[in-house]
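Trainee: With positions in the sequence shown counted from 1, the corresponding number in the working numbering is that position plus 43. Think of the CB as a built atom: it goes at the ideal place given N, C-alpha and C, for glycine as much as any other residue. Got a structure for you, written out below as structure tokens; questions coming shortly.
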Amino acid sequence: MQPEIPEKTHAVFVAAMAFLSSIKLDKGKLMKRIGLIGGMSWESTATYYRMINEAVRDSRGGLVSADIVMHSLDFSEVVALQKADRWDEAGALLGAAGARLANAGADCVLICTNTMHLVADTVEKMSGVALIDIIDETAAALKADGRRKPLLLATRYTMEHGFYTDRMRQHGVDVVVPEADDRAAIHDIIFGELCQGEIKSCSRERYLAVIEKARALGVDSVILGCTEISLLIDPDALPLPGYDSTAIHAKAAVDFALGDKAFDRAA
């Protein structure tokens, strides 16, 4: 048996609901909830958290901070699935994380890593909310500046599997990947150093050498296509225009959270 609500309390409740339904909320003051699938690695996820909150503070001022829910995965489990080429299982793992974020009220989901956008379709389907795609947003930033032939620096999975270059091509961007030995060096530095918080000047020089080699081949820009790479090199200090995928992705999340921007991600 349900307890009876006192008549006076009921009247106050009805009046309050009537008042709330009568006022017009200023959409510019509302904030959508951002869901982050992080931990891959946590070094770059921390950068996402900082960038998003800094942008919200700069926009709204004062003590305003972003409305964020996060699921931080155990990166070792994800890496094991990557190495074993068990991408379906990796997709299910991230998709379950996305669903939990949606259940926690997230209005959008970000996969805080370029590589795991290989399973973005699964994550989007399982979460049931808008997925802000790092590849789409990076392509939009390149096109806005008239860049059509960028060099991609990323993990070997991102550079060698077709999901990244194919999706960029759908946007009219022809991505160039480094030679095999350079790809191996870039990948090893990401996992062996950057994901573990190690920043080495010799590794920075190795990356810059790859960029110089590509510049001679006519590339017009550089994509920092792994969310850890900006920990090593400054995109604004490169010999070519640099595009930091982490910063671009974080900005897109803020644009969504604070505005009316919609994300209709086509498969």
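Taking the alpha helix (DSSP H) that A254 belongs to, which residues open and close that run?
Mentor: The residue asked about is misnamed: residue 254 is Ile in this sequence, not Ala. Where I254 is concerned, the enclosing alpha helix (DSSP H) stretches over S244 to R258.
Trainee: Give the single residue among L136, H114, I111 and Y91 whose Cα lies nearest to the Cα of A123.
Mentor: L136
Trainee: If you drop the 5 nearest sequence neighbours on each side, which residues of the same chain put their C-beta closer than 7 Å to that of M74?
Mentor: Cβ neighbours of M74 beyond the five flanking positions: D110, A300 and L301.
Trainee: Report, in whole angstroms, the separation of the C-beta atoms of G81 and T88, which I expect to be a contact under 8 Å.
Mentor: 3 Å
Trainee: Is the Cβ-Cβ distance between L288 and T270 less than 8 Å?
Mentor: What sits at residue 288 in the sequence shown is Ser, not Leu. Yes, the pair counts as a contact, with Cβ atoms nearer than the cut-off.
Trainee: Leaving out the 5 sequence neighbours to the left and right, which residues in its chain are closer than 6 Å to A293 when beta-carbon positions are compared?
Mentor: Once the five neighbours on either side are set aside, the close Cβ partners of A293 are Y91, M94 and I95.
Trainee: Can you tell me where the beta strand (DSSP E) with L196 in it begins and where it stops?
Mentor: Note, L196: beta strand (DSSP E), P193 to L196.
Trainee: Kindly indicate which three-state DSSP category D150 falls into: helix, strand or coil?
Mentor: coil
Trainee: For I229 and P193, I'd like the C-alpha separation in whole angstroms.
Mentor: 16 Å
Trainee: Under 8 Å between the Cβ atoms of D150 and H160?
Mentor: no
Trainee: Short of 8 Å in beta carbon distance, which residues of its chain neighbour V112, apart from the five on each side in sequence? Order them along the chain.
Mentor: R76, I77, G78, L79, L144, A147, G148 and A149
Trainee: Hey, quick one: how far does the beta strand (DSSP E) through H114 stretch, first residue to last?
Mentor: I111 to S115
Trainee: Just grab the DSSP bridge partners of G78 for me.
Mentor: V112 and V152
Trainee: If you follow the beta strand (DSSP E) that V166 is in, where does it begin and where does it stop?
Mentor: Counted as a single uninterrupted DSSP element, the stretch harbouring V166 is not any beta strand (DSSP E) but the alpha helix (DSSP H) occupying residues A163 to S170.
Trainee: So which of D188, R190, R191 and T208 has the shortest CA-CA distance to A197?
Mentor: The candidate whose alpha carbon is nearest that of A197 is T208.
Trainee: Taking DSSP's pairing of strands, which residues face A98 in a bridge?
Mentor: Paired residues: none, contrary to the question.
Trainee: Identify whether D287 lies in helix, strand or coil by the three-state DSSP scheme.
Mentor: Note: D287 maps to strand in three-state DSSP.
Trainee: Pull up the CB-CB distance for E248 and R226, whole angstroms please, since I reckon it's below 8 Å.
Mentor: Taking 8 Å as the upper bound for CB-CB distance, E248 and R226 are not in contact here, some 17 Å apart.
Trainee: Is L195 near V216, with beta carbons less than 8 Å apart?
Mentor: no
Trainee: Does DSSP put L144 in a helix, a strand or coil?
Mentor: helix
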